[in-house]
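Encoded as structure tokens, the structure appears first; notes follow it.
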Amino acid sequence: MTTSETIADDLVPTSAVADDMLAGRRAGVVTGKRQRPHYGTHAFLILISVLWIFPLAMTIYTSFRPYGDTAGNERGYFSIGGSYNLNNFFNAAAGMDLWGHLFQTMLVVIPALFLILWFASMIAVAVSRYSFRFNIALLMIFTAGNLLPQQVVITPLYRMYLALPLPKPISDNGIWYDQIFGIVMIHLAFQLGFCTFVLSNYFKQIPKELNEAAVVDGASVWRTYRSVLLPLARPALAALATLEFTWIYNDFFWGLLLLRTGYKFPITSALNNLNGQFFTDNNMLAAGSLLVALPTLIVYFALQKQFVAGLTLGSTKG
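Quick note on my numbering: the sequence shown kicks off at 114 and runs consecutively.
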């Protein structure tokens with residue numbers, strides 16, 4: 114027998130070894146260790162999922178029930194039976210002036226979202242694609258703004274809004290306070306740092322040879338940003354747009370403290386209109402909360418593909 118035949122026989126497993134390998138696969142043996150069922154992990158995940166879903170399920174269930182079916186039952190909101198209808202949704206939409214406050218909310222969300230993404234993308238390009246003395250310090254300043262709690266600065270901001278002048282075409286009282294413009298600016302100030310940080314990390318992954326190629330072709334800095342870098346950042350911008358829309362739309366704090374006129378309040382603040390002085394219909398309030406949450410769900414499902422793609426950026430290489 115030749116040496117090559119001996120080596121071949123040593124490399125080819127015998128039938129007994131092959132049977133052991135097949136038996137190990139059937140038993141779940143991987144790299145010499147048996148896979149054990151993770152019953153504890155599965156039970157924990159199921160428990161957490163139920164805890165998260167239960168309040169939402171109860172809200173949806175309660176919104177379809179008249180108040181009398183829950184108040185007049187000894188089991189209350191956990192009772193079953195009675196009538197189910199959409200009256201709570203119609204009453205909630207009329208009671209809190211849904212369309213009026215939704216329009217006011219869009220007057221805040223759309224300009225704020227556009228300005229945040231526009232300024233953040235330009236700052237991110239400047240600090241990540243070009244080298245100058247204070248680029249890292251500039252990025253740290255924008256990022257540090259997210260570490261400051263909103264409640265800490267509300268008093269000086271309130272006084273500043275009462276003192277800052279605003280022309281009459283934009284303001285009906287001559288100052289920033291109680292104006293949609295002021296709410297847009299406060300969201301721009303507090304959300305700009307987070308978006309700048311995310312986009313700067315994204316732009317760092319883009320090869321700098323693209324900038325050099327654009328310069329060779331005669332493109333200016335603005336043209337490189339608008340025609341080369343910005344189109345490549347669409348997944349990251351879509352992910353940030355989804356997050357920022359949700360955060361700004363759901364804001365309750367700034368609208369409550371920096372607005373005074375009732376019709377200017379955002380839609381989350383308008384839910385207070387469903388609270389009576391001596392009585393609150395929680396069934397109608399549940400329906401109103403679901404109506405308020407619908408726009409964020411629509412935006413998420415519309416940008417779901419881009420949102421997932423933006424979240425997975427940088428998870429793989431190659």
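Ideal Cβ placement from N, Cα and C applies to all residues, glycine included.
Contact belief for I361 with L342 at Cβ below 8 Å, rounded distance in angstroms: Along the sequence shown, read from residue 1 onward, the residue named residue 361 stands at position 248. Along the sequence shown, read from residue 1 onward, the residue named residue 342 stands at position 229. About 25 Å; that fails the 8 Å criterion.
Apart from the five residues on each side of it in sequence, which residues of its chain come closer than 8 Å, Cβ to Cβ, to K321? As a working mapping, residue 321 is identified with position 208 in the sequence shown. Excluding positions up to five away in sequence, the list reads R242.
Roughly how many angstroms separate the alpha carbons of T393 and N204, rounded to a whole number? On the sequence shown, residue 393 is found 280 positions in, with the first residue counted as 1. On the sequence shown, residue 204 is found 91 positions in, with the first residue counted as 1. If you take the alpha carbons of T393 and N204, they lie about 13 Å apart.
Can you tell me which of L169, S162 and P150 puts its alpha carbon nearest to the alpha carbon of S402? Translated into positions along the sequence shown, residue 402 becomes position 289. Among L169, S162 and P150, the Cα nearest to that of S402 is on L169.
At a cut of 8 Å, does the region 286–303 reach the region 210–223 through at least three beta carbon pairs? yes
Bridge partners for N388 per DSSP, in chain order? Counting from one through the sequence shown, the residue named residue 388 turns up at place 275. Paired residue(s): T393.
Whole-angstrom distance between L226 and Y413, CA atom to CA atom: Within the sequence shown, numbered from 1, the residue matching residue 413 stands at position 300. Within the sequence shown, numbered from 1, the residue matching residue 226 stands at position 113. Y413 and L226: Cα-Cα distance of roughly 15 Å.
Quick one, are the C-beta atoms of L158 and I380 less than 7 Å apart? The sequence position of residue 158 within the sequence shown is 45, counting from 1. The sequence position of residue 380 within the sequence shown is 267, counting from 1. It is not a contact, given that the beta carbons lie outside the stated cut-off.
Taking the beta carbon of A383 as the centre, do at least 16 other beta carbons fall within 10 Å, making it buried, or is it exposed? To locate residue 383, count along the sequence shown from 1; it is residue 270. Flag for A383 reads buried.
Residue from F177, S244 and G306 with nearest C-alpha to K317: On the sequence shown, position 204 is the one that residue 317 refers to. Nearest of F177, S244 and G306 to K317, Cα basis: S244.
Are three or more beta carbon pairs between the region 193–211 and the region 169–182 nearer than 8 Å? yes
By DSSP's criteria, I288 is part of a beta bridge. Which residues make up the other side? Your numbering for residue 288 matches position 175 in the sequence shown. Note: I288 sits in a beta bridge opposite P278.
Buried or exposed: Y152, going by 16 or more other Cβ atoms within 10 Å of its Cβ? Position 39 of the sequence shown, counting from 1, holds the residue named residue 152. So Y152 counts as exposed.
Which whole-angstrom value is the C-beta distance of A406 and F202, which I expect to be below 8 Å? Along the sequence shown, one-based indexing puts residue 406 at 293. Along the sequence shown, one-based indexing puts residue 202 at 89. Not a contact, Cβ separation roughly 12 Å.
State the Cα-Cα distance for the pair D182 and S192, rounded to the nearest angstrom. The residue you call residue 182 lines up with position 69 of the sequence shown. The residue you call residue 192 lines up with position 79 of the sequence shown. Cα-Cα distance, rounded: 8 Å.
At the level of alpha carbons, what is the spacing between L301 and I229? Counted from its first residue, the sequence shown places residue 301 at position 188. Counted from its first residue, the sequence shown places residue 229 at position 116. Roughly 6 Å between the two C-alpha positions.
By how many angstroms is the C-alpha of Y174 removed from the C-alpha of N186? Taking the sequence shown and counting its residues from 1, one reaches residue 186 at position 73. Taking the sequence shown and counting its residues from 1, one reaches residue 174 at position 61. Rounded to whole angstroms, N186 to Y174 spans 15 Å at the Cα level.
Taking the Cβ atom as the reference point for each residue, do L251 and V240 lie within a distance shorter than 7 Å? For this step, residue 251 is matched to residue 138 along the sequence shown. For this step, residue 240 is matched to residue 127 along the sequence shown. For L251 and V240, yes; Cβs fall inside 7 Å.
Length of the line joining the Cα atoms of V421 and K281: The count along the sequence shown starts at 1 and reaches residue 421 at position 308. The count along the sequence shown starts at 1 and reaches residue 281 at position 168. Distance between the alpha carbons of V421 and K281 is about 43 Å.
Between which residues of its own chain and T359 is the CB-CB distance below 7 Å, once the five residues before and five after are set aside? Along the sequence shown, read from residue 1 onward, the residue named residue 359 stands at position 246. If we look at T359 and ignore the five residues flanking it on each side, its Cβ neighbours are T409.
DSSP-derived helix/strand/coil call for N198: By one-based count along the sequence shown, residue 198 stands at place 85. N198: coil per DSSP, three-state reduction.
Tell me whether S313 sits in a helix, a strand or coil according to DSSP, three-state version. Taking the sequence shown and counting its residues from 1, one reaches residue 313 at position 200. DSSP places S313 in helix when its eight states are reduced to three.
Proximity below 7 Å, CB of A349 to CB of Y376: In the sequence shown, the residue the question calls residue 349 occupies position 236. In the sequence shown, the residue the question calls residue 376 occupies position 263. No, they are not a contact pair.
Do you know offhand how far A276's Cα is from I288's? Reading the sequence shown from its first residue, position 163 is the one you call residue 276. Reading the sequence shown from its first residue, position 175 is the one you call residue 288. A276 and I288: Cα-Cα distance of roughly 7 Å.
Residue from T309, A415 and F303 with nearest C-alpha to Q263: As a position in the sequence shown, residue 263 is number 150, starting the count at 1. For the residues T309, A415 and F303, the minimum Cα distance to Q263 belongs to F303.
Candidates L305, F378, A346 and L353: which alpha carbon is nearest F365's? For the purposes of this step, residue 365 is taken as the residue at position 252 of the sequence shown. Among L305, F378, A346 and L353, the Cα nearest to that of F365 belongs to F378.
Contact check, L398 vs L387, beta carbons under 7 Å: Numbered from 1 along the sequence shown, position 285 holds the residue referred to as residue 398. Numbered from 1 along the sequence shown, position 274 holds the residue referred to as residue 387. Yes, the Cβ-Cβ distance between L398 and L387 is below 7 Å.
Measuring CB to CB, does F391 end up less than 7 Å from L305? Taking the sequence shown and counting its residues from 1, the one referred to as residue 391 is at position 278. Taking the sequence shown and counting its residues from 1, the one referred to as residue 305 is at position 192. No, these two residues do not count as a Cβ contact at 7 Å.
Under a Cβ-count criterion, where at least 16 other Cβ atoms within 10 Å of its own Cβ denotes burial, should S333 be classed as buried or exposed? Indexing the sequence shown from 1 puts residue 333 at position 220. Classification of S333: exposed, given that the 10 Å Cβ count is below 16.
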